[in-house]
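Numbering (the numbering used here), first residue to last: 417 to 822.
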């Protein structure tokens, strides 16, 4: 038996007026996934438990079969593992975004507007140059910065003791920065660093060049996602598989590392709508050919489109995922002649109306080539069809247990 989990990140949404009350998944051209759903099972599941922030960390842990209430120790520590940081139990990690702030007439950082949490999908090469300035200014014996991917980077405080609350920048787009700066006993340390970063980065040659090309400046760091080293049970032993993770996102790679899964790097995988879909599909096929029997195929583009408020892009990206990534893998699995199961599920909803994550249940689709259901063309991978089925898992990790037959 071969297994495939496909995660179109943030693809779940709410009914949208411009779509005549339909969701993006209802109007997206996804014939491959819907074809599987017509002979499979559809339903809903809650991937983010009540009381836990609806982040990709908690949601993807859930989809991977880990209860976030037990295993979530913070997002940035998962990303740190992907970057190659060997965290100690006494270390504290933080996500460091390169963001775009829009200055206002007052000239006061607090009044600047948070325009873009990803600085226009800045390249990793550009980001590395900017982060070098941050390292030179703020690194100390116990404070270290590490370049991640594109706008996503990491800070480690050795032997840390931090009392502070942080806000993800993608949750507060177009809002006043000062209302969402760190709060708590140690907040001044982080706030001073963020404000000083604007002075360092705004007129950096990288940003001047970006501005000349009409691109957003990466003119401030934004610190959030505090975490400590997690301890996840081995995924392969838990489900009796040998598996791989394919993603452009450090967070997902980090979960894979801590879960004992092989992490596959794909050239041109960007984490947005312009990712290398075909390369990811081929990497999945190659993993099966090498003897793996499980692949976790994660696609970030639908989530990024949601954060950017790009309805057309979100719909188009769902189609790309279906035709350019999922379809080639399904064709290979069918041709292999071996029984296989497929689970397609967003880690969370990212409604375009709010441009951030929500805790509402998501739809899922499970297909088993050895246990096909009677064909029903109305059974599709979208919210309307999933709710109509009446099948619901209140805990996402139980849906994953169900998928693996546990």
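All C-beta atoms in this analysis are idealised placements derived from N, C-alpha and C, irrespective of residue type, glycine included.
With fewer than 16 other CB atoms across the displayed protein chains lying within 10 angstroms of its CB, residue 556 is exposed. DSSP places residue 424 inside the beta strand (DSSP E), whose first and last residues are 418-424. In terms of Cβ geometry, residue 562 and residue 813 do not form a close pair [threshold 9 Å]. DSSP links residue 460 through a beta bridge to 779, 808. Rounded to whole angstroms, the Cβ separation of residue 542 and residue 622 is 5 Å, and the two are in contact under 8 Å. With fewer than 16 other CB atoms across the displayed protein chains lying within 10 angstroms of its CB, residue 524 is exposed. In this structure, DSSP gives residue 562 an extended state, which the three-state scheme calls strand. Between residue 650 and residue 676, the beta carbon gap of about 4 Å places them in contact (Cβ cut-off 8 Å).
Three or more Cβ pairs drawn from the region 439-446 and the region 788-804 lie within less than 8 Å of each other, which places the two stretches in contact. Between the alpha carbons of residue 728 and residue 534 lies a distance of about 19 Å. The beta carbon of residue 709 sits closer than 8 Å to the beta carbons of 417, 418, 419, 657, 658, 659 from its chain, once the five residues preceding and following it are set aside; these are given in chain order. In the pairwise beta carbon analysis, the region 722-739 is classified as touching the region 423-441: at least three pairs are separated by under 8 Å. Sixteen is the threshold: since fewer than 16 other Cβ atoms of the shown chains lie within 10 Å of the Cβ of residue 750, the residue is exposed. DSSP places residue 623 in the uninterrupted alpha helix (DSSP H) bounded by 621-628. Annotation for residue 458: 781, 795, 801, 802, 805 place their beta carbon closer than 6 Å to its own, counting only its chain and skipping 5 residues before and after.
Residue nearest to residue 575 within the set 674, 791, 558 is 558 (criterion: CA-CA distance).
Within the same chain, Cβ atoms closer than 8 Å to the Cβ of residue 819 are found at 419, 421, 757, 759, 782, the five residues on either side in sequence being excluded. Look at residue 761 here: in three-state DSSP terms it is coil, with no helix or strand label.
The three-state reading of DSSP puts residue 475 in helix, counting H, G and I together. Cβ-Cβ distances below 6 Å link residue 507 to 572, 574 in the same chain, with the five nearest sequence neighbours on each side left out; the list follows chain order. In terms of Cβ geometry, residue 661 and residue 672 form a close pair [threshold 9 Å]. Counting only the Cα atoms, residue 440 lies some 27 Å from residue 632.
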